[in-house]
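Below: one structure, written as structure tokens.
Number of protein chains: 2
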Amino acid sequence: MATIRDVAKMSGFSVATVSRVLNKKGYVNAATEKSIVAAMSALNYTPSIAARSLAGKSSGTIALMVPDILNPFFPELARAIEDAANGYGYSVILCNSDNDLQKEMNYFDMLVSKKVDGLIVASYSLGPDQILNLKKRSIPVIAIDNHFGAHPIVSFVSDNRAGGAMATRHLLEQGCRKIAHICGPMSIVASRERCLGYEEACGTQPWFLPSLIATSDDFHVEGGTRAMAELLKRHPDIDGVFAGNDLMACGALKALYRLRRKVPEEIKLVGFDGLAMSTVVPELSTIAQPIREMGTQAMDYLIRMLNGERVEERAHVMDVTLVVKQSSQIVHTRG
Amino acid sequence: MATIRDVAKMSGFSVATVSRVLNKKGYVNAATEKSIVAAMSALNYTPSIAARSLAGKSSGTIALMVPDILNPFFPELARAIEDAANGYGYSVILCNSDNDLQKEMNYFDMLVSKKVDGLIVASYSLGPDQILNLKKRSIPVIAIDNHFGAHPIVSFVSDNRAGGAMATRHLLEQGCRKIAHICGPMSIVASRERCLGYEEACGTQPWFLPSLIATSDDFHVEGGTRAMAELLKRHPDIDGVFAGNDLMACGALKALYRLRRKVPEEIKLVGFDGLAMSTVVPELSTIAQPIREMGTQAMDYLIRMLNGERVEERAHVMDVTLVVKQSSQIVHTRG
DNA sequence: TTGAAAGCGCTAACAT
DNA sequence: ATGTTAGCGCTTTCAA
Numbered sequence: 001m002a003t004i005r006d007v008a009k010m011s012g013f014s015v016a017t018v019s020r021v022l023n024k025k026g027y028v029n030a031a032t033e034k035s036i037v038a039a040m041s042a043l044n045y046t047p048s049i050a051a052r053s054l055a056g057k058s059s060g061t062i063a064l065m066v067p068d069i070l071n072p073f074f075p076e077l078a079r080a081i082e083d084a085a086n087g088y089g090y091s092v093i094l095c096n097s098d099n100d101l102q103k104e105m106n107y108f109d110m111l112v113s114k115k116v117d118g119l120i121v122a123s124y125s126l127g128p129d130q131i132l133n134l135k136k137r138s139i140p141v142i143a144i145d146n147h148f149g150a151h152p153i154v155s156f157v158s159d160n161r162a163g164g165a166m167a168t169r170h171l172l173e174q175g176c177r178k179i180a181h182i183c184g185p186m187s188i189v190a191s192r193e194r195c196l197g198y199e200e201a202c203g204t205q206p207w208f209l210p211s212l213i214a215t216s217d218d219f220h221v222e223g224g225t226r227a228m229a230e231l232l233k234r235h236p237d238i239d240g241v242f243a244g245n246d247l248m249a250c251g252a253l254k255a256l257y258r259l260r261r262k263v264p265e266e267i268k269l270v271g272f273d274g275l276a277m278s279t280v281v282p283e284l285s286t287i288a289q290p291i292r293e294m295g296t297q298a299m300d301y302l303i304r305m306l307n308g309e310r311v312e313e314r315a316h317v318m319d320v321t322l323v324v325k326q327s328s329q330i331v332h333t334r335g
Numbered sequence: 001m002a003t004i005r006d007v008a009k010m011s012g013f014s015v016a017t018v019s020r021v022l023n024k025k026g027y028v029n030a031a032t033e034k035s036i037v038a039a040m041s042a043l044n045y046t047p048s049i050a051a052r053s054l055a056g057k058s059s060g061t062i063a064l065m066v067p068d069i070l071n072p073f074f075p076e077l078a079r080a081i082e083d084a085a086n087g088y089g090y091s092v093i094l095c096n097s098d099n100d101l102q103k104e105m106n107y108f109d110m111l112v113s114k115k116v117d118g119l120i121v122a123s124y125s126l127g128p129d130q131i132l133n134l135k136k137r138s139i140p141v142i143a144i145d146n147h148f149g150a151h152p153i154v155s156f157v158s159d160n161r162a163g164g165a166m167a168t169r170h171l172l173e174q175g176c177r178k179i180a181h182i183c184g185p186m187s188i189v190a191s192r193e194r195c196l197g198y199e200e201a202c203g204t205q206p207w208f209l210p211s212l213i214a215t216s217d218d219f220h221v222e223g224g225t226r227a228m229a230e231l232l233k234r235h236p237d238i239d240g241v242f243a244g245n246d247l248m249a250c251g252a253l254k255a256l257y258r259l260r261r262k263v264p265e266e267i268k269l270v271g272f273d274g275l276a277m278s279t280v281v282p283e284l285s286t287i288a289q290p291i292r293e294m295g296t297q298a299m300d301y302l303i304r305m306l307n308g309e310r311v312e313e314r315a316h317v318m319d320v321t322l323v324v325k326q327s328s329q330i331v332h333t334r335g
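Top to bottom, those sequences are chains A and B. Residues in the first sequence are numbered from 1 upward in steps of one, following full-length UniProt numbering. Residues in the second sequence are numbered from 1 upward in steps of one, following full-length UniProt numbering.
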């Protein structure tokens, strides 16, 4: 492995000058630069990030912490962040926390000892104190898909409440007159907000009943199936369902299929997240979160923080959009 | 940030001794150790990996390179590898290559300059030379989901051919008498091998025709849909389909649904990969790859290589298993 | 059993 | 415009 000293020797200049051309910083003669660059490529020189990092500079690495990369929301996020990071010359360490506080704290220690430059974290177990504490350990943090009220934490969240209302209103517009909601885990703010949106849109309808809301303990397919079955038992005349996320919507779809209820003819269905769930039939209408943009913006923000720029430490609420596919369409039956 | 020197000062011993207790290496008095450990936790000391790495030791980081983490096969792999790595005290850098050789080479430079300890790579664009070259740059490499013939490269691959045969034979056993195959990209070895398995199992059947094989340019849903539609046009009497992976199988399912062909009543379907595609109805029968185990074993192997152990540099072929769900079941119709 | 000191490769302040 | 040099925090001989 060639070092900066080798390059210096070969080019006949000092390490300082080589360092300057490396960092494009400070004055250096064009001719000098040229011969140094030549030496670099002749030696196949690659600077050591460890050394640079030790000398007090960036490690060129950020971390992305998610509950579980198996949940299809997170690969999408990871991809966006990795792309953006790459564009800035950073690489990203992936951390699966399982929403386990202990694991998260262990990762934090690792991040500190690795001198990771920053962290983008999606967590529903971490409190503001822990995050603030990591910031104190001089690691800038950005939260995603979760926010922390008035605490000085930069975060990017979808407008879950508006999205919930949007989904429900869409069902109303499609002619539904008894709309149920499959709510995600109550421990997660996003679930509660989506539910509030639902209530905002149909809580004053004459047919509305609290029992039109069923809660699932997780955001997965099976929970959706269970909740849907339960709802139909309670209210066989449901004609619309807003599911708190796309996976649960798929679960609902399965329950409906088993019970021979036609979607969208008899019951219309809307999910939430906007995952490319093109695998199912009928394709799901959904409230799309701007996942990619959240990732990109989070990364942009992080870079600005790393550059010492002062940024507002608050939540950024992102607009969601209704994507209408087959599952909520009005079907004109003939005959 | 407390350094090793702070710990030394506080405990009254030298940095060398502190280093020894840190690495549990060399003689150190029990009492000494105790007071040093005390000082460490009093100072909330976390060793700097950058420094350690610069001093010639491990960076505690490996890289995982995949074409695209959005493809649901790879989160599964990533999760397995991250878990295993974590268990060994390593963290993992995620790299999305898009199967783009240029990107891959850029990543390689990054890996070298970061002194990453090792690489686990799933790539269909990289040739043996490139991988061997990285090894020469003293980064141990393990390939996954791809192998390189006689080249001295450690790799873990599923037995794709056996899997293809297994799927096809299963369909035969379920009573299918005209089985088609949706083949993945011909540029990918795995596709070709699965197809060979298919031919092995039914190439000698009286009804077999080369036109029962349709190729998709990618491994995605839409390709599956297209291929399925094409196959039905060619052979309306198909009663079984083996799709080269689960996503294409979902695509096939969609095409079949649109054309009102009942699965599994009229046409039975088997996929490949064993992804937990519990979102679709009917649930997919599939040939399950031991993804998690491939990840775990790859990591175990990598660790052994990092420990200087000499390992056989060859392909490890992993057994696949048939998972029967609804899509290939025999249905007893009544009446 | 413990300590002193020489690096690892780089950056940056200070000289020239 | 370029060079000298002192660290950054750790590991590892070599001495004691």
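Cβ atoms here follow ideal geometry from the backbone N, Cα and C, with glycine treated the same way.
Taking all protein chains shown into account, do 16 or more other C-beta atoms lie within 10 angstroms of the C-beta of Glu76 of chain A, making it buried, or fewer, making it exposed?
By the neighbour-count rule (16 or more Cβ atoms within 10 Å), Glu76 of chain A is buried.
Below 8 angstroms on the Cβ atoms is my contact criterion, and I expect Thr321 of chain B with Ala288 of chain B to pass it. Report the Cβ-Cβ distance as a whole number of Å.
The Cβ separation is near 5 angstroms, so the contact holds.
Just to confirm, are Val154 of chain B and Tyr301 of chain B a CB contact at a threshold of 7 angstroms?
Yes. Within cutoff.
Would you verify that the beta carbon of Asp109 of chain A is, or is not, closer than 7 angstroms to some beta carbon of chain B?
By this cut-off, Asp109 of chain A is an interface position.
Would you tell me roughly how many angstroms separate the C-alpha atoms of Cys183 of chain B and Ser14 of chain A, rounded to the nearest one?
Answer to the nearest angstrom: the Cα atoms are 59 angstroms apart.
Do Ser278 of chain B and Ser327 of chain B come within 7 angstroms of each other at the CB atom, strictly closer than that value?
No, Cβ-Cβ distance for Ser327 of chain B and Ser278 of chain B is not below 7 angstroms.
For a test of the three-state rule: what should DSSP assign to Asn96 of chain A, helix, strand or coil?
Of the three classes helix, strand and coil, the one that applies to Asn96 of chain A here is strand, per DSSP.
Could you run through the stretch 180-213 of chain A and flag, in chain order, every residue whose CB is less than 9 angstroms away from some CB of chain B?
Within the stretch 180-213 of chain A, no residue qualifies.
Grab the span of the alpha helix (DSSP H) containing Gly295 of chain B for me, first residue to last.
First-last of the alpha helix (DSSP H) with Gly295 of chain B: 291-306.
Give the straight-line distance between the Cα atoms of Val263 of chain B and Ile120 of chain B, rounded to the nearest whole angstrom.
Rounded to whole angstroms, Val263 of chain B to Ile120 of chain B spans 38 angstroms at the Cα level.
How about Asn99 of chain A and Ser125 of chain A: are their beta carbons less than 7 angstroms apart?
In this structure, Ser125 of chain A lies closer than 7 angstroms to Asn99 of chain A by Cβ.
Please work out which residues of its chain come closer than 6 angstroms, Cβ to Cβ, to Leu212 of chain B, disregarding the five sequence neighbours upstream and downstream, and give them in chain order.
Closer than 6 angstroms at the Cβ level, and outside the excluded window around Leu212 of chain B, lie Ala180.
Are the stretch 83-99 of chain B and the stretch 85-97 of chain A in contact at 8 angstroms, needing three or more beta carbon pairs?
These segments touch.
By alpha-carbon positions, which one of B:Leu269, B:Arg137, B:His235 ends up nearest to Cys250 of chain B?
Closest option to Cys250 of chain B, Cα to Cα, is B:Leu269.
Just checking, does the stretch 191-211 of chain B make contact with the stretch 162-176 of chain B on the three C-beta pairs under 8 angstroms criterion?
In short, these stretches touch, since the Cβ pair count reaches three.
Just to confirm, are Ile330 of chain B and Gln205 of chain B a CB contact at a threshold of 7 angstroms?
For Ile330 of chain B and Gln205 of chain B, no; Cβs fall outside 7 angstroms.
Determine the extent of the alpha helix (DSSP H) in which Ala51 of chain B is found, giving its start and end residues.
Counting along the chain, the alpha helix (DSSP H) containing Ala51 of chain B begins and ends at 49-54.
Name the one or two DSSP bridge partners that Ser123 of chain A has.
Bridge partners of Ser123 of chain A: none, in fact.
Mapping DSSP to helix, strand and coil, what is Cys176 of chain A?
Residue state, collapsed to three classes: coil.
Secondary structure at Gly224 of chain A, three-state DSSP: helix, strand or coil?
If DSSP states are grouped into helix, strand and coil, Gly224 of chain A belongs with the helices.
Grouping DSSP H, G and I as helix and E and B as strand, with all else coil, what is Thr321 of chain A?
Strand.
If I measure Cβ to Cβ from His235 of chain A and keep anything under 8 angstroms in the same chain, skipping five residues before and after, which residues do I get?
Taken in chain order, the residues that qualify are Lys178, Ala180, Leu209, Ser211, Leu212.
Residues in its own chain within less than 6 angstroms of Ala214 of chain B by CB, not counting five upstream and five downstream?
The answer, listed in chain order, is Ile182, Ala227, Glu230, Leu231.
I'd like the span of the beta strand (DSSP E) that includes Lys268 of chain B, first residue to last.
268-273 is the extent of the beta strand (DSSP E) around Lys268 of chain B.
Could you name the residues of the stretch 253-281 of chain B whose beta carbon sits closer than 9 angstroms to any beta carbon of chain A, in the order they occur along the chain?
Result list: Leu253, Lys254, Tyr257, Arg258, Ala276, Met277, Ser278, Thr279, Val280, Val281.
Using a Cβ-Cβ cut-off of 7 angstroms (strictly less than) and excluding sequence neighbours within five positions of Leu22 of chain A, which residues of its own chain qualify?
Cβ neighbours of Leu22 of chain A beyond the five flanking positions: Pro47.
Any contact between the stretch 216-226 of chain B and the stretch 242-262 of chain B? By contact I mean 3 or more CB pairs, one from each, below 8 angstroms.
At 8 angstroms Cβ cutoff, the stretches touch.
Tell me the residue span of the beta strand (DSSP E) that contains Leu64 of chain B.
61-66 is the span of the beta strand (DSSP E), which, as asked, contains Leu64 of chain B.
Helix, strand or coil: which one does DSSP assign to Ser216 of chain B?
Of the three classes helix, strand and coil, the one that applies to Ser216 of chain B here is coil, per DSSP.
For Ser19 of chain A, decide whether its Cβ has a neighbour in chain B, counting only Cβ atoms nearer than 7 angstroms.
Not closer than 7 angstroms to any Cβ of chain B, the Cβ of Ser19 of chain A fails to qualify, so no.
Give the C-beta separation of Val157 of chain A and Met318 of chain A to the nearest angstrom, bearing in mind that I take them to be a contact with Cβ-Cβ under 8 angstroms.
Going by Cβ atoms, the distance from Val157 of chain A to Met318 of chain A rounds to 7 angstroms, so yes, they are a contact pair.
Give a yes or no on whether the C-beta atoms belonging to Leu64 of chain B and Ile36 of chain B are separated by under 7 angstroms.
No, these two residues do not count as a Cβ contact at 7 angstroms.
For Lys47 of chain A, would you say it is in contact with chain B, using Cβ-to-Cβ distances shorter than 7 angstroms as the test?
The identity of residue 47 of chain A in the sequence shown is Pro, whereas the question assumes Lys. Answer yes: the Cβ-Cβ gap between Pro47 of chain A and chain B drops below 7 angstroms somewhere.
For Asn96 of chain A, decide whether its Cβ has a neighbour in chain B, counting only Cβ atoms nearer than 7 angstroms.
Interface residue, yes.
Arg261 of chain A to Gln130 of chain B, Cα distance in whole Å?
Distance between the alpha carbons of Arg261 of chain A and Gln130 of chain B is about 55 angstroms.
From this set, B:Asp6, B:Ala122, B:Leu134, which residue's C-alpha is nearest Val146 of chain B's C-alpha?
The question names Val, but residue 146 of chain B is Asn in the sequence shown. Considering only alpha carbons, the answer is B:Ala122.
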